[in-house]
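K.L.:
Okay, handing you the structure first.
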Amino acid sequence: MIEQLLTDTIKAAVKSLYQVEANPSQIQLQNTRKEFDGDITLVVFPFTKVSRKSPEATAMEIGEYVKLHLSEVENYNVIKGFLNLSIRKEYWLNFLASNFGIDDFGYGEKLNGKPVVVEFSSPNTNKPLHLGHIRNNLLGFSLSRILEASGKNVAKVNLVNDRGLHICKSMLAWQKWGNGETPENSGLKGDHLVGKYYVVFDKYYKEEIATLVNEGVTPEDAAKKAPLIIQAQELLQKWEAHDEGTLTLWRTMNDWVYEGFAKTYKTLGIEFDKTYYESQTYLLGKELVEDGVQKGIFKRRIDGSVWIDLSAEGLDEKLLLRSDGTSVYMTQDLGTAQQRYNEYNPEQLIYVVGNEQEYHFNVLKVVLKHLGCNWADSIYHLSYGMVELPAGKMKSREGTVVDADDLMQEMFDTSEAMARELGKLDSFEGEEAVNLYRTIGLGALKYFILKVDPKKNMLFNPEESIDFNGNTGPFIQYTYARIKSVLRKAQDAGFEVSFTTDSNAKLLKEEKDLLKKLHDFPVIVLQAADMHSPAVIANYAFELASEYNRFYHELTILKEENLLSRGLRLSLSQFTAKVIANALWMLGIEVPERM
RNA sequence: GGCCUCGUAGCUCAGUGGAUAGAGCAGCAGCCUUCUAAGCUGCGGGUCAUAGGUUCGAAUCCUAUCGGGGUCACCA
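Each number in our numbering corresponds to the 1-based position in the first sequence with 45 added.
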C-alpha cells in the first residue's frame with residue numbers, strides 16, 4: 046500500500062535531513078482535500094521543531110526528498126504546513142488492475158484466532174419485537190459481519206429471556222382472561238397474542254393499585270400488595286419449583302412466541318449460530334453465587350438474600366439472589382458469561398445491549414473479577430442509544446410503541462407505492478416485483494438505523510423517515526443497479542469487461558478520486574471492526590455511491606470514442622459495484638441487480 | 001443529588017487534534033432524443049450549547065456551567 050511506502054520514505058527523509066528518528070505518530074497522512082492538487086497530504090507541523098525552519102521550508106525539504114526517493118510520487122506542492130503529494134497514475138491503474146477481479150476485496154485475511162462471540166437480540170418472551178429491538182438486531186448482525194469481514198471467527202448468539210416475573214404476568218393474565226385463545230383460533234401471530242396478555246395484566250394490575258390507594262394505602266405499598274402481583278410472584282416460585290402445570294402453560298405460550306419471533310427474524314433477514322435460553326442457564330448462575338458465598342466473596346443476609354458490596358469500586362451493594370431463593374438478572378448473566386467462556390474460550394465477548402444497562406455490565410465485570418475470572422476484561426458492552434419518536438420515548442402502556450412487524454410491512458408498502466409512481470415496476474412481474482420492493486423497503490429501514498453512531502440516541506419519525514432519496518439505502522442500491530445495467534449493456538454490445546491497465550489510458554480527475562475512495566475501503570473495514578461501528582461502513586457506502594453518481598454523469602461509456610478509456614471505465618464501474626455490494630453485505634442489506 | 005452520556009444549519013445526521021466545519025431532507029433556480037430523474041447542477045442557510053484552559057493548531061483533549069437523555073429496584 047502506498048501509505049506504508051510513504052511512511053517509510055518520510056521516516057528516512059527526516060533522518061537524513063534532521064538526524065532524528067521520526068515517531069510513527071508524527072507522520073500524519075491524510076487524503077488531500079478536493080480543492081488542492083495532490084492525492085495524499087503530510088502534515089509537517091510536527092517536524093518543525095527538529096527542522097528549526099518554517100513549516101513551508103520544512104515541507105519543501107521533505108517533499109523534495111520523497112519525490113527523489115519514491116518513484117510512485119510524481120510531484121508535490123506545499124500550502125502552509127501541508128505537503129501535498131501527487132501519486133503517479135500508474136499506481137492507481139495498477140491498483141485497479143490487480144484488485145478488480147478479487148471478490149472479497151476489502152476483507153481482512155481470515156485469521157484462525159479464538160472466536161469473537163457476539164450476543165444480540167436477547168428478546169423477552171412476553172411481548173413482540175419493537176423498533177428498539179430492530180436497532181439491536183441490525184447492529185448486532187451488521188457488527189458480526191464486519192468482524193467476519195475483518196478476518197475474525199465470529200459466533201452470533203441469541204439469549205432468549207424466557208423466564209422471570211414478566212413472563213409470569215402474561216401467563217397469569219392468559220389463565221384469568223384468555224378463554225383459551227390461541228394463535229390458531231384467533232389468527233394472531235403468537236408473539237402478538239402473548240404481548241396482548243402482558244398488556245391485559247398491566248391494565249388490571251393498575252386498577253387494583255388504584256383501588257388500594259383509594260382505600261388509603263400508599264402507592265408504593267399498593268404496588269407490592271396488589272393481589273395480581275402476588276399471584277405472579279407465586280407463579281414464578283411454582284415455576285422454579287418445577288410445578289408441572291405451570292411448566293406446561295409456560296412451554297405452550299413460549300412456543301407461540303418463538304414461532305412469531307422466527308417470522309420476524311426471517312423477514313428482517315437475520316439469523317444466529319446458536320440460541321440460548323435463560324431457563325437452561327440460570328441454575329449455573331445460582332451455583333456460581335453459592336460458590337461465592339462459600340468462599341466468602343458474597344454475603345448472605347439473615348433473610349436469605351445474597352449481596353456483594355462493591356463500594357470499594359465506586360459502585361453500590363448489589364443483590365445476587367432474592368430472599369425467596371429465586372435468581373435475578375445478574376445471577377443469570379453471571380451464569381451465561383461463565384458458560385460462554387467455557388464453551389468458546391473467546392478472544393472477545395461482545396454484548397449488544399442498550400445503554401440503560403451500562404451500570405449492569407460494569408457490575409457484571411467487577412463481580413466476575415471478584416470471582417477470579419480474569420477473562421472478564423474480554424467482555425465488551427456495545428452500548429447503543431434509544432430510538433425516540435417525535436412524541437418522545439416509546440411507551441408500551443401508552444401504545445406509542447412502533448411494532449417491528451408493522452414497521453417492516455409499512456416499509457414494503459411504501460416502497461411498492463413509490464416504485465409504481467415512478468414506473469419502476471413496469472418491467473417487473475409477479476414475484477420479482479414483490480422481492481424488489483421488499484429489498485428496497487428493508488434497505489431503507491436498515492440503512493436509516495445503521496448510519497447513525499450506535500452510542501447516540503436517534504430520532505425516528507415514522508412519516509419522514511421512510512425516505513428513498515438522498516442519503517438512504519435505496520440510493521446506494523440504485524447506484525449499484527445502475528452500474529449493473531451499464532455492464533449488461535456493454536456486454537451485450539460485445540465489450541470485454543475484463544481489463545488490464547495500459548499506461549496510455551487516460552485517467553480523469555473524477556476517475557482518480559473514485560479510485561482513491563475504493564483504495565480506502567480495506568482500511569475502513571478494519572476501522573469499523575475496531576470501533577464496532579456499522580455507521581462507519583454505512584457512511585462510506587454513501588460517499589462512494591455519491592462519488593460514482595457524480596462521475597456517472599460524465600460517463601457516456603457506450604458513446605466513448607477512446608477504447609482504452611472505455612475499458613478503464615467499465616472495469617472501474619465493475620470494481621465500484623463490487624465494493625458497494627461488499628459494504629452493503631456488511632450492513633445486511635441486499636443489492637438488487639436492477640431496479 | 002452521585003455516576004454515565006449527548007449537545008454541530010430550520011430538521012435528521014457525518015466529521016473526534018490539522019487547511020475555508022460537510023452531507024441529506026426541507027426552500028429556491030435549472031437539467032430527461034444519451035444507460036435508470038430513486039439521479040445531476042447551482043443558490044441561500046453556522047457564535048460547532050456557554051465560559052475558561054492545554055498548543056504551532058480545538059467542533060474534537062481538560063475544567064466548570066447550562067440544557068436533553070440514561071442509571072443508581074428483592075424488574076429484566
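Don't be surprised by glycine CBs; every beta carbon is placed ideally from N, CA and C. Note that the coordinates shown come from a computational prediction; the quantities given were computed from them, not determined experimentally.
Tell me which residues share the same chain as residue 183 and place their Cβ nearer than 7 Å to its Cβ, disregarding the 5 neighbours each side in the sequence.
P.N.:
The answer, listed in chain order, is 491, 494, 495, 633.
K.L.:
Between residue 345 and the rest of its own chain, which residues show a CB-CB distance below 7 Å, the 5 nearest in sequence each way excluded?
P.N.:
338, 351.
K.L.:
Counting beta carbon pairs with one atom in the stretch 117-133 and one in the stretch 356-363, are three or more of them shorter than 8 Å?
P.N.:
Segments in contact, no.
K.L.:
Mind checking which residues open and close the beta strand (DSSP E) that includes residue 343?
P.N.:
Residue 343 -> no beta strand (DSSP E), and no H or E assigned at all.
K.L.:
For residue 143, does the three-state DSSP call read helix, strand or coil?
P.N.:
Residue state, collapsed to three classes: helix.
K.L.:
Going by DSSP, what residue range makes up the beta strand (DSSP E) through residue 362?
P.N.:
First-last of the beta strand (DSSP E) with residue 362: 362-366.
K.L.:
Which residue wins for smallest C-alpha separation from residue 440, given the options 597, 322, 146, 244?
P.N.:
Closest option to residue 440, Cα to Cα, is 244.
K.L.:
Starting from residue 203, follow its DSSP beta bridges and name the residues at the other end.
P.N.:
Residue 203 pairs with 320.
K.L.:
Can you give me the C-alpha to C-alpha distance between residue 383 and residue 593, rounded to a whole angstrom?
P.N.:
Going by the C-alpha atoms only, they are around 48 Å apart.
K.L.:
Do residue 379 and residue 423 have their C-beta atoms within less than 8 Å of each other?
P.N.:
Not in contact: residue 379 and residue 423 (Cβ atoms no closer than 8 Å).
K.L.:
What is the DSSP secondary structure of residue 540, counted as helix, strand or coil?
P.N.:
Coil at residue 540, not helix or strand.
K.L.:
Residue 437 bridges to which residues according to DSSP?
P.N.:
Paired residue(s): 434.
K.L.:
Examine the ligand NAD and report whether any of its heavy atoms sits within less than 7 Å of the Cβ of residue 75.
P.N.:
In terms of ligand content, the structure shown is empty, and the ligand NAD therefore cannot be addressed.
K.L.:
When DSSP builds the beta bridges, which residues end up paired with residue 673?
P.N.:
An answer regarding residue 673 cannot be provided, because it is not within the stretch 46 to 640 covered by the chain.
K.L.:
Assuming residue 123 contacts residue 104 (C-beta within less than 8 Å), just tell me the rounded distance between them.
P.N.:
Rounded, the Cβ-Cβ distance is 4 Å, consistent with contact.
K.L.:
For residue 580, which residues of its own chain have a beta-carbon under 7 Å away from its beta-carbon, when the five flanking residues on both sides are left out?
P.N.:
495, 496, 497, 498, 499.
K.L.:
Does DSSP classify residue 99 as helix, strand or coil?
P.N.:
In the structure shown, residue 99 sits in coil (DSSP, three-state: anything other than H, G, I, E or B).
K.L.:
Determine, using beta carbons only, whether residue 485 and residue 519 come nearer to each other than 8 Å.
P.N.:
Yes, these two residues count as a Cβ contact at 8 Å.
K.L.:
Exposed or buried, which one is residue 568 when buried takes at least 16 other CB atoms within 10 Å?
P.N.:
Its Cβ having fewer than 16 others within 10 Å, residue 568 is exposed.
K.L.:
Please give me, in chain order, every unbroken run of the alpha helix (DSSP H) with length at least 4 that falls completely inside the stretch 231-315.
P.N.:
For the stretch 231-315, whole alpha helix (DSSP H) runs of length 4 or above, ordered along the chain, are 235-259, 264-270, 272-285, 289-313.
K.L.:
Measuring alpha carbon to alpha carbon, tell me which residue in 414, 88, 327 is nearest residue 374.
P.N.:
Residue 327 is the option with its Cα nearest to residue 374.
K.L.:
Terminal residues of the continuous beta strand (DSSP E) containing residue 226?
P.N.:
First-last for residue 226: undefined, no H or E at that position.
K.L.:
Pick helix, strand or coil for residue 354, following the three-state DSSP scheme.
P.N.:
Three-state DSSP puts residue 354 in a strand.
K.L.:
Mark residue 625 as exposed unless 16 or more other C-beta atoms lie within 10 angstroms of its C-beta, in which case mark it buried.
P.N.:
Buried.
K.L.:
Return the CA-CA distance between residue 611 and residue 535, expressed in angstroms with no decimal places.
P.N.:
Taking the straight line from one Cα to the other gives about 10 Å.
K.L.:
For residue 190, which residues in the same chain have their Cβ closer than 7 Å to its Cβ, ignoring the five residues on either side in sequence?
P.N.:
Excluding positions up to five away in sequence, the list reads 630, 631, 633.
K.L.:
Would you say residue 399 and residue 429 are within 8 Å of each other, going by their C-beta atoms?
P.N.:
It is a contact, given that the beta carbons lie within the stated cut-off.
K.L.:
Given a threshold of 16 other Cβ atoms within 10 Å of its Cβ, counted over all protein chains shown, does residue 306 qualify as buried or as exposed?
P.N.:
Buried.
K.L.:
Is the number of C-beta pairs between the stretch 233-241 and the stretch 161-173 that are closer than 8 Å three or more?
P.N.:
Cβ pair count under 8 Å is three or more, so yes.
K.L.:
Taking three-plus beta-carbon pairs below 8 Å as touching, is the stretch 281-296 in contact with the stretch 461-476?
P.N.:
Flag = no, the stretch 281-296 and the stretch 461-476 do not touch.
K.L.:
Whole-angstrom Cβ separation of residue 75 and residue 86, contact assumed at under 8 Å?
P.N.:
About 5 Å separates the two Cβ atoms, so the contact holds.
K.L.:
Between 144, 198, 121, which has its C-alpha nearest residue 159's C-alpha?
P.N.:
The candidate whose alpha carbon is nearest that of residue 159 is 198.
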